[in-house]
Amino acid sequence: MAPSSIAILGGGLTGLSAAFHLSRRFPAAQITLLNKDIHFGGWVRSRRARITLKDGRETSVLLEAGPRTLRPNSKSVLELINLLDLSPSLLTVPKSSPAARNRFLHLPGTKGLLCIPSSPLSILTSGLSPKSSSLHSPLGHILLSAVAREPFRPWNRPLMIEDESVDEFLSRRFGSEFARIFGSALVHGIYAADSRELSVRTAFPSLWDAEERGRGSLVTGFLRPSRASATAEVNDLPYQLGNVDEQMRGVSVYSFSQGIGVLVDALLRELRTRRNVRLLSGVSATGLRMNPRTAQFEITTSSCETLRATHTVSAVPLPSLKGLISPKTPLPHLTANPYSSVTVVNLVFLASPGHVLHPVGFGYLVPRASSRHAENAILGCVFDSSSMSTQEAPWSADIVKMTAMLREPVASIPRLVDMLSEQLGVRLPDPLIVRVHDNAHCIPLLRVGHLQRMQELSEVLRGEPWSSKLEVIGAGVGGVSVGDCVEAGRRAGRSWA
Numbered sequence: 001m002a003p004s005s006i007a008i009l010g011g012g013l014t015g016l017s018a019a020f021h022l023s024r025r026f027p028a029a030q031i032t033l034l035n036k037d038i039h040f041g042g043w044v045r046s047r048r049a050r051i052t053l054k055d056g057r058e059t060s061v062l063l064e065a066g067p068r069t070l071r072p073n074s075k076s077v078l079e080l081i082n083l084l085d086l087s088p089s090l091l092t093v094p095k096s097s098p099a100a101r102n103r104f105l106h107l108p109g110t111k112g113l114l115c116i117p118s119s120p121l122s123i124l125t126s127g128l129s130p131k132s133s134s135l136h137s138p139l140g141h142i143l144l145s146a147v148a149r150e151p152f153r154p155w156n157r158p159l160m161i162e163d164e165s166v167d168e169f170l171s172r173r174f175g176s177e178f179a180r181i182f183g184s185a186l187v188h189g190i191y192a193a194d195s196r197e198l199s200v201r202t203a204f205p206s207l208w209d210a211e212e213r214g215r216g217s218l219v220t221g222f223l224r225p226s227r228a229s230a231t232a233e234v235n236d237l238p239y240q241l242g243n244v245d246e247q248m249r250g251v252s253v254y255s256f257s258q259g260i261g262v263l264v265d266a267l268l269r270e271l272r273t274r275r276n277v278r279l280l281s282g283v284s285a286t287g288l289r290m291n292p293r294t295a296q297f298e299i300t301t302s303s304c305e306t307l308r309a310t311h312t313v314s315a316v317p318l319p320s321l322k323g324l325i326s327p328k329t330p331l332p333h334l335t336a337n338p339y340s341s342v343t344v345v346n347l348v349f350l351a352s353p354g355h356v357l358h359p360v361g362f363g364y365l366v367p368r369a370s371s372r373h374a375e376n377a378i379l380g381c382v383f384d385s386s387s388m389s390t391q392e393a394p395w396s397a398d399i400v401k402m403t404a405m406l407r408e409p410v411a412s413i414p415r416l417v418d419m420l421s422e423q424l425g426v427r428l429p430d431p432l433i434v435r436v437h438d439n440a441h442c443i444p445l446l447r448v449g450h451l452q453r454m455q456e457l458s459e460v461l462r463g464e465p466w467s468s469k470l471e472v473i474g475a476g477v478g479g480v481s482v483g484d485c486v487e488a489g490r491r492a493g494r495s496w497a
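Structural data, given as C-alpha cells:
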C-alpha cells in the first residue's frame, strides 16, 4: 500500500534527495523532514569571503567546508542538475587539463611532492628510470613493478572469506609497499581513515569484482567487460538526464559557480514549492516507535511535537538512530562502525609576482607513514586555485586558495603553514584568510564485513514490527560520496509503491 504520510529524519543530502524523489513518486503523501540543525545539507557548506587586493579592489573567494568537486559518474546527481535546471551554473574541468592530470603525493619523512603518473606511457617512462630526477620517477617505478607483476601472481584470496580490508586486498595483489603508499593515500582522501580497517567490498566493490572476473588477477579482470552493470541499467528506474550527460563528456570533475552548496539550495527551493512537503529545521527526533494498534510510526521531537507517519526514512547517522528506537525493538549493527573526524582548513594567500606557491594540479595526499617515520597530521591538501579557478573573478589571479585536511584539530595556524611549506617545498607567506572547520564524526569507517551486517539489518527491517515501512539509508549504510548519498535518497521507498 502506498504511504499516506512519510517522515524523513535528517536534512543532509541523503534526506533532501529522499524528500525530493518521494514527493514526486507519492504526490498524495504528506512528507515531513526533520533536521536538527538550522543549516540543511549536512557537511556541504559553501561560503564566500570578502578580500581586498593590493590595488584596493574588493573581491570575494569561495570557501568550501565540505566536498568541493564532483565526478560525473553519478547519474543521480546529473539527474538533479537537469531537473533543477542547474546547468547554467556548472563549471567543468576537462580530463586533458593539468588540474585534472596532475595529482601528487607527499611521502612522510621527505620534503616536497611527487607527481603520480597519469597515463600508461608516463608510468612506463618513469618506471624505467628509477634514478631519474623527474618528480614522478619513484612512484612510477613502484607502479610499474606492481602492475606488471600482478597478472602473474596466482589466485591468493584466502578460502571462505567474503571481505577483507583495502590494505589486505592491495597487499595480496600488488605488494605491501604499493598498498601502503597508494592504497592508504586513496583512503585518506575519501574516508580520512585507515586502509587497514576499511572494507574493500564496501568502499571499492569494483576491485573485488574485477579480481573474480580475472580469476585472481585484478589487471586481467579490468580488461574484461562487466556484465553486472548492464543488468543494473535494465532493472533501475531510468535517469532523466536531459543533455547533462553530453555536457559531461570528457569532464574530470565539476562544481558550480557558487560551490556545491548550489545543489542544496536548489533542492530546498524546489521542496518549499511543494504543498505535500514540510521542512522543519532546528528540530530533531527524540524517539521513534511503531504503534502496533495504529500501525503507524510515532516520532517525538525536540519541539515537543509527536509526529505520526505511515512510513519513515532514517537518514541520520546509525548511532543516532540507535538512540531513538526502543530497546524492545532493537536494530542490529547500528554502532558497528566508528566515525572519522576531519578538520578542514581554508587558506587564502596573496602571491608575490613570480612566487609560485604550488604546482599546477588538483592537490596532494599523504599516505600512511612507514615504520621509520611518524604519522603526519595532514591527510592532504587541495589546490583550489588550480582545480576550480573559474569560481573566482578573472582579476583575482594573484590570489591562491588551498584547503588542508587534517586528522586532528589545528593547534596552531603558523605551525600548520610551516608543515604545508615543508610538504610543498615552498615557503608560504602568511595567509590573508583562514577558516577552520572541525567536522566531528563526519565520515563513517565501513569496516570489514559491513555488507553482511547491512544485509542482516535489512532482514530485520523486513520483519515485525517494521514490515519494510522503515528504511535506513545514508553514508553509514552505503557509500560516503555525494553521489552515493543522492542515489540512496533516490532509491528510498522503492518497495512502497
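Residue 138 in UniProt numbering sits at position 138 of the sequence shown; the count goes up by one each step and never skips.
Quick reminder that beta carbons are idealized off the backbone N, C-alpha and C, glycines included.
Separation of residue j from residue i, as counted between CA atoms
| i | j | result |
| --- | --- | --- |
| residue 107 | residue 463 | 50 Å |
| residue 154 | residue 172 | 10 Å |
| residue 281 | residue 261 | 17 Å |
| residue 177 | residue 306 | 56 Å |
| residue 20 | residue 32 | 11 Å |
| residue 332 | residue 82 | 38 Å |
| residue 54 | residue 353 | 12 Å |
| residue 487 | residue 240 | 13 Å |
| residue 367 | residue 302 | 42 Å |
| residue 5 | residue 244 | 33 Å |
| residue 121 | residue 489 | Any answer about residue 121 is weak, because its pLDDT of 49 lies below 50 and its placement is not dependable; what the coordinates show is given next. The straight-line gap from Cα to Cα measures roughly 41 Å. |
| residue 11 | residue 147 | 43 Å |
| residue 45 | residue 471 | 26 Å |
| residue 409 | residue 347 | 15 Å |
| residue 18 | residue 38 | 19 Å |
| residue 89 | residue 460 | 43 Å |
| residue 183 | residue 166 | 7 Å |
| residue 13 | residue 469 | 21 Å |
| residue 498 | residue 315 | This structure gives no information on residue 498, because the portion of the chain shown stretches from 1 to 497. |
| residue 418 | residue 365 | 17 Å |
| residue 473 | residue 86 | 26 Å |
| residue 295 | residue 445 | 35 Å |
| residue 496 | residue 466 | 13 Å |
| residue 97 | residue 272 | 39 Å |
| residue 150 | residue 218 | 7 Å |
| residue 476 | residue 57 | 45 Å |
| residue 345 | residue 48 | 14 Å |
| residue 429 | residue 404 | 15 Å |
Endpoints, beta strand (DSSP E) assigned at residue i
| i | result |
| --- | --- |
| residue 304 | Segment: none, residue 304 is in no beta strand (DSSP E) and carries neither H nor E. |
| residue 363 | 363-365 |
| residue 438 | 433-444 |
| residue 279 | 277-281 |
| residue 404 | 399-406 |
| residue 32 | 30-35 |
Element boundaries [alpha helix (DSSP H), containing residue i]
| i | result |
| --- | --- |
| residue 419 | 413-424 |
| residue 205 | 205-213 |
| residue 23 | 13-25 |
| residue 189 | 184-191 |
| residue 489 | 482-491 |
| residue 77 | 75-83 |
| residue 320 | 318-322 |
Distance CB(residue i)-CB(residue j) smaller than 8 Å
| i | j | result |
| --- | --- | --- |
| residue 385 | residue 399 | yes |
| residue 453 | residue 336 | yes |
| residue 29 | residue 67 | no |
| residue 191 | residue 92 | no |
| residue 285 | residue 34 | yes |
| residue 339 | residue 437 | no |
| residue 387 | residue 425 | no |
For residue j and residue i, believed in contact at Cβ under 8 Å, the rounded distance
| i | j | result |
| --- | --- | --- |
| residue 493 | residue 22 | 5 Å |
| residue 118 | residue 483 | Incorrect: roughly 23 Å between the Cβ atoms, too far for contact. |
| residue 383 | residue 358 | 5 Å |
| residue 63 | residue 263 | Not quite, the Cβ-Cβ distance comes to about 17 Å (not below 8 Å), so this is no contact. |
Residue i, DSSP secondary structure in three states
| i | result |
| --- | --- |
| residue 202 | helix |
| residue 382 | strand |
| residue 377 | coil |
| residue 337 | coil |
| residue 390 | helix |
| residue 234 | In this prediction, residue 234 scores a pLDDT of 40, lower than 50, which makes its location untrustworthy; the coordinate-derived value is nonetheless stated afterwards. In the structure shown, residue 234 sits in a helix (DSSP, three-state: H, G or I). |
| residue 52 | strand |
| residue 127 | Low per-residue confidence applies at residue 127: pLDDT is 47, beneath 50, and the placement is therefore not dependable enough to give any value. |
| residue 260 | coil |
| residue 64 | strand |
| residue 59 | strand |
| residue 147 | helix |
| residue 345 | strand |
| residue 286 | strand |
is_contact[residue i, chain C] using C-beta, thresh 8 Å
| i | result |
| --- | --- |
| residue 184 | In the structure shown, chain C does not exist; there is a single protein chain. |
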